[in-house]
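Residue numbers (this note's numbering), protein chains in the order written: chain A, 55 to 528; chain B, 55 to 528; chain C, 55 to 528. Structure first, commentary second.
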Amino acid sequence: MTEPLHLHPDRLFPADASTRTLARDLYEAVAALPIISPHGHTDPQWFAEDTPFPDPAALLITPDHYVFRMLYSQGVPLEDLGIAPKGEGTGRTVETDPRAIWRRFAEHYHVFDGTPSQFWHDWVYAEVFGLDVRLSAGTADLYFDAIQARMAEADFRPRALMDRFNIELIATTEDPLDPLAHHAKIKQDAWNHRVITTFRPDNVLDPDHPGFAANLDRLGQVTGRDTGRYDGYLLALEERRAFFRAHGATATDHGHPTAFTADLSRQDAEVLFNRVRNGRVRAADAETFRGHMLVEMARMSLDDGMVMQIHPGCWRSHNAPVRDRFGSNMGDDLPVATDFVGGLKALLNRFGNEPGLKIIVFTLDETTYSRELAPLAGHYPALTLGPPWWFHDSPEGMRRYREQMTETAGFYNTAGFNDDTRAFLSIPARHDVARRMDCAFLARLVAEHRLTETQAYRIARDLTYTLAKKAYRL
Amino acid sequence: MTEPLHLHPDRLFPADASTRTLARDLYEAVAALPIISPHGHTDPQWFAEDTPFPDPAALLITPDHYVFRMLYSQGVPLEDLGIAPKGEGTGRTVETDPRAIWRRFAEHYHVFDGTPSQFWHDWVYAEVFGLDVRLSAGTADLYFDAIQARMAEADFRPRALMDRFNIELIATTEDPLDPLAHHAKIKQDAWNHRVITTFRPDNVLDPDHPGFAANLDRLGQVTGRDTGRYDGYLLALEERRAFFRAHGATATDHGHPTAFTADLSRQDAEVLFNRVRNGRVRAADAETFRGHMLVEMARMSLDDGMVMQIHPGCWRSHNAPVRDRFGSNMGDDLPVATDFVGGLKALLNRFGNEPGLKIIVFTLDETTYSRELAPLAGHYPALTLGPPWWFHDSPEGMRRYREQMTETAGFYNTAGFNDDTRAFLSIPARHDVARRMDCAFLARLVAEHRLTETQAYRIARDLTYTLAKKAYRL
Amino acid sequence: MTEPLHLHPDRLFPADASTRTLARDLYEAVAALPIISPHGHTDPQWFAEDTPFPDPAALLITPDHYVFRMLYSQGVPLEDLGIAPKGEGTGRTVETDPRAIWRRFAEHYHVFDGTPSQFWHDWVYAEVFGLDVRLSAGTADLYFDAIQARMAEADFRPRALMDRFNIELIATTEDPLDPLAHHAKIKQDAWNHRVITTFRPDNVLDPDHPGFAANLDRLGQVTGRDTGRYDGYLLALEERRAFFRAHGATATDHGHPTAFTADLSRQDAEVLFNRVRNGRVRAADAETFRGHMLVEMARMSLDDGMVMQIHPGCWRSHNAPVRDRFGSNMGDDLPVATDFVGGLKALLNRFGNEPGLKIIVFTLDETTYSRELAPLAGHYPALTLGPPWWFHDSPEGMRRYREQMTETAGFYNTAGFNDDTRAFLSIPARHDVARRMDCAFLARLVAEHRLTETQAYRIARDLTYTLAKKAYRL
């Protein structure tokens, strides 16, 4: 028996009738605002080449770690989803038939009940593909055929979808060694105000990165600087930042294992650099070097105006057998408890009082919302709170974020919404969830006479549009 | 003035009228399903002998640490509740009159306002004893007499109550040295599919256990294996597991102070075993040995199919004077912050990718729900989330559990409900709370158009019945 | 365009109509009860001298770190708010015109949207100053003039406001070296039952306190005891406690960086005292000494009956540049993760089983509510839970507190409400928020049939009035 698929216009709004009406009215005032997507992981080649997307499985399943981690948790081998080993493998045959992959996903669709993945997917099915029955084993083929047919149509190209999705601006993320060829092409096409890059230097700042030494060699070749020396290394970084800014970047991004920062003297930094540069990397050295380089990045940001994003507290590739067989980003990156008050002290004591600097912090540890992040952002001029991130980019996650951040940090120390995704089709759905949940929260505050309606309308617009543009200097 | 006692049919459902109707409808579909109680601490002798329970105080107060810890926190000496010192005592006279104990409890009943203990007790008073006024100092004697009279009736025997409570299956918990005589009797009576045992080997895995060395000696005697050597010790454990399986066990249970696991080489394990076996137990050795033995237990589970339960993060007997005077389990076991992502890594890297293994984890540290446990269970095939445990087996605790687990782990990486109790009469009340809170949560998701009604009915049934049977291989 | 300012009579009550009615009814039963303010930081001179308050900025902005930290976080220099450097300064001119300061605050008033500061301020504007339009850049002068005019009136004196605010009792906080001259004057005026002191000995217990050695010298002079020796030091502390009791104190207060306690032998304590007394303070020594002195304070409390308050887990003066330029209490005190179960063990094992001792604990780390504090308070007779503190003295903070504490600790292990403020005008607003949020919580429990109305009315009164008087022995 097939069930109808229907996106209810009041979805995510509180059940109480009067609060729901308020939420709906607030939402209607922001629903049509353009999407600002200042932090994400879409592929710039899509926008540069404007080529069609491949098959339904490669569009919606294989690249989405939210989706395949959940299927894997239920015992579905990664190979059965068309994910090929990058390492030693397990010997199991890799599925190559997209329809078979799609059917497997459909059979397990109920394991996503109550998750944002299902909520986003249902939006894509209904809004992008016009499907009106729910996905299940019984409708898998109907879905596959409908999606495949729609994908072949002329207006299903990345740039057309950008327009259709009302995306005013999207930022991709590249590392300092990237030649930014796609962004150059985009710029040439006079499309550059729509797609910009972000400077993500982890692979040349983190001595624990597997390719650290080789990356520094390449950084030297690309810039003509002597990256065997600390001063040459800093100059090379500054030049790559300038190169990224020329390709639209207004921000850097830093994905460190912890929030630790350190403010070394020039001499100590040189000694440490020489040690890690030559491959003698002890764990404590790597941590200190990463922490020091965050402070260096802040110093450069104060010079060149780039907004600094810090995404700490993720244990990458926790599942060693999966990492060895399939590589990284296989759904086994896991949050860890994070200390911001201690960790960021060196950075904030050095640069946190600069109103001209903008540091946006994210967390996977929700306990830090009310205990650390809101108090920090409610004091330090340079600090702004990034939106609920990754596992917390969800209705309940957003609700907890507003409930735990607002009373100490207010709304105006926050940075609007980020989708942080490479699942391009889900971007409007994700922003829509954020708009709905923000309006639901504001409606509750109005219903409880903690805000006036006038305040709520202003804030709704600011959370949706203004704060993101301001925070990212767009 | 006495107040009426009334169990409202809509208790625990959300106040909003339309959501309440949805919750009630969902609840009505699962209210009559049989109780599966796969983890608990009832006494198998009750079911083997089917003898009457003793007096009201010994039935409802003395054995329930939820109850006497709260009275103790309000200044009521343990002796006044009939709890006799097991150690040196305080010299205070131990109350022996059950009616006096009951009166003391009744005088303090208001300190339980808003707690699950009061909610469960009220259910027992109304449903089991047919009382229709609330417990207070003024109604203490009326209660005592009514309960005492009812307890003497023929159908107030354990097996009759099992039927009346619609308990399809209940698991008790025994240690490896237990001869399981009661379970043998139950089996002989062809009642064994109703009452099964669980293998709880802490007292032979934990070098910090006071009787560790003596327990290993006895383990050797019971099995005829040489538990002076590591290989004999492992064989002895395997044999006791087989013995427990023959008495119905489908699961093991492990109550370790932390979630730490270690995967030692055979040689290192032998060296460590020899050290702790001979009583030279340093704190770090004990922790490593416990952690390593969890990995060994997983290895054995993969062989014999026993589901593995891990209950970490409890500081047992925090109150040293109380422990010295009264022994353990005196209401002074306290939760501590727990690291699952780091702690379970060795276990999960070794066996977490086995779809044939089932590990059910519990926590007393709710901060790990969204930060660690849901992300872990949403990736590792072997990992399943146990229900909200102990202090969190409560309406608000259950609500937080669903709100913080579901978006990342879904419903289908969870294991249904456990009552984890030795308070036999409260078992239906506890399951009823879980069913009501799950239906309340699902009703909210339907009201907010995050699930369809069809989905919600399926999930309600699965959370109530199917998932527990599947998780525990029943 | 000016917006009307209106305090809705149903503010903070749940939106659901039937629950709201219940909340309103409960609130009406407690709204007129007198205010008990047993922990705060108002200036006793106000009540001793009964002199008028200065200008609007000095009344409402400059002394309120909740207010100026938020403005500072938005890039407003502290000097622009009239805050003068106490240290080296930045060279920026300090604003001396109260009207200019007030305008700056008014321009930024939207950054407080959704915060308790705005909620309290709006109450003060409407209730104390009779303003009926909202504060904004456009109404800044109107506000300034109205407030200034009202402040000059005869009945706007501290003692008159005490009566008008229906404050039955207020406690201030002084250190052991304070001569308590203002409290002596208050006593002389036979006003002492309204204003009492609190013994806050951090500056003579904490070896890390900048003036520790000099403070001990002065403690010796004041008492005539030899504070160069441990026994003389203890005697001096006991005498100052007695002096404080003679000035109304019923409680001590301890603001330690952590919850660590230690129970040293007399000999070890003497050796440690000699080390820290002579300025040889290592970090571990300071922590041990503070922890040991908490146990000594408990011992003295058992003798003299003073209630012991512990406020741990705050990193004072996190922003080193701000501390160096402006001093302490500049809005840069930050919460840190706190371990109560481990930290308080020594204290609780020594004295926690004494029903005659009362220890009230507070936390800035909300994760400890359900994990540590409720289980501790639900067992140890001596332990009582202080209200939600500082950053958590807010509607959402109060809701989380009740939701996370009540099921394990009940209502009767809690201590009512504290305002903990030096913002005198906001005291009624803060207590009003607490009463409303408690009634909202109770109304939900009644609506969900978890409490009867009879229970809820009793509890509402106890939370508002009775429990504070009992906890503080007033």
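Glycine residues also receive a C-beta, built at the ideal position from the N, C-alpha and C atoms.
Per DSSP, cross-strand counterpart(s) of residue i
| i | result |
| --- | --- |
| M362 of chain C | C:T306 and C:I413 |
| V187 of chain C | C:P58 |
| T438 of chain A | A:I414 |
| I89 of chain A | A:I221 |
| P389 of chain A | A:C368 |
| T468 of chain C | C:L439 |
| E228 of chain C | C:F253 |
Cβ-based burial, residue i [other Cβ within 10 Å; buried from 16]
| i | result |
| --- | --- |
| S127 of chain B | buried |
| V37 of chain B | Any answer about residue 37 of chain B is impossible in this case: the structure gives chain B only from 55 up to 528. |
| P63 of chain B | exposed |
| T412 of chain A | A small fix is needed here, since residue 412 of chain A is Lys in this sequence, not Thr. Per the 10 Å Cβ criterion, buried. |
| D357 of chain A | exposed |
| K140 of chain C | exposed |
| E82 of chain C | exposed |
| G168 of chain C | buried |
| Q275 of chain A | exposed |
| D386 of chain C | buried |
| P110 of chain B | buried |
| T96 of chain A | buried |
| G265 of chain A | exposed |
| E228 of chain B | buried |
| P58 of chain C | exposed |
| E420 of chain A | buried |
| T30 of chain B | Any question about residue 30 of chain B goes unanswered here, given that chain B covers just 55 to 528. |
Amino acids of chain D, ordered along the chain, whose beta-carbon sits closer than 7 Å to that of residue i
| i | result |
| --- | --- |
| D419 of chain C | Among the chains of the structure shown, chain D does not appear; the protein chains present are A, B and C. |
Rounded separation between residue i and residue j - CA only
| i | j | result |
| --- | --- | --- |
| R504 of chain A | A488 of chain B | 33 Å |
| E207 of chain A | F107 of chain A | 11 Å |
| P482 of chain C | M491 of chain C | 14 Å |
| V194 of chain B | H485 of chain C | Note that residue 194 of chain B is Ala in the sequence shown here, rather than Val. Each residue's Cα considered, the two are about 37 Å apart. |
| N220 of chain A | I89 of chain A | 6 Å |
| A290 of chain A | T281 of chain A | 7 Å |
| P283 of chain C | M347 of chain C | Reading the sequence as shown, one finds Arg at residue 283 of chain C and not Pro. Straight-line Cα distance between these residues: approximately 15 Å. |
| L51 of chain C | T56 of chain B | The question about residue 51 of chain C has no answer here: the residues shown for chain C are numbered 55 through 528. |
| L326 of chain C | R334 of chain C | 10 Å |
| T73 of chain C | A501 of chain C | 6 Å |
| M459 of chain B | L499 of chain B | 14 Å |
Ordered list of beta strand (DSSP E) runs contained in the segment 307 to 384 of chain C, each at least 3 residues: 361 to 364
According to a CB-to-CB cut-off of less than 8 Å, which residues of the segment 338 to 349 of chain B neighbour chain A? none
Start-end ranges of the beta strand (DSSP E) lying completely within the segment 240 to 275 of chain A, minimum 3 residues: none
Residues of the segment 473 to 502 of chain C in Cβ contact with chain B at a cutoff of 8 Å, in chain order, please. R498, L499, A501 and E502
Residues within the segment 422 to 455 of chain A neighbouring chain C, beta-carbon criterion of under 8 Å: S424, R425, E426, A428, P429, L430, A431, G432, H433, Y434, P435 and L437
Just list the alpha helix (DSSP H) runs in the segment 161 to 206 of chain B, keeping only unbroken ones of 4 residues or longer that don't cross its boundaries, in chain order. 170 to 177 and 194 to 205
4-residue-minimum alpha helix (DSSP H) runs that sit fully inside the segment 107 to 147 of chain B, ordered along the chain: 110 to 114 and 119 to 127
For the segment 230 to 253 of chain A, enumerate the residues whose C-beta is nearer than 7 Å to any C-beta of chain B, in chain order. none
At a Cβ cut of 8 Å, what residues of the segment 503 to 515 of chain C count as close to chain B, listed as they run along the chain? H503, R504, L505, T506, T508, Q509, R512 and I513
Anything in the segment 121 to 152 of chain B with a Cβ closer than 8 Å to a Cβ of chain C? List those residues in chain order, please. R123, M124, Y126, S127, Q128 and G129
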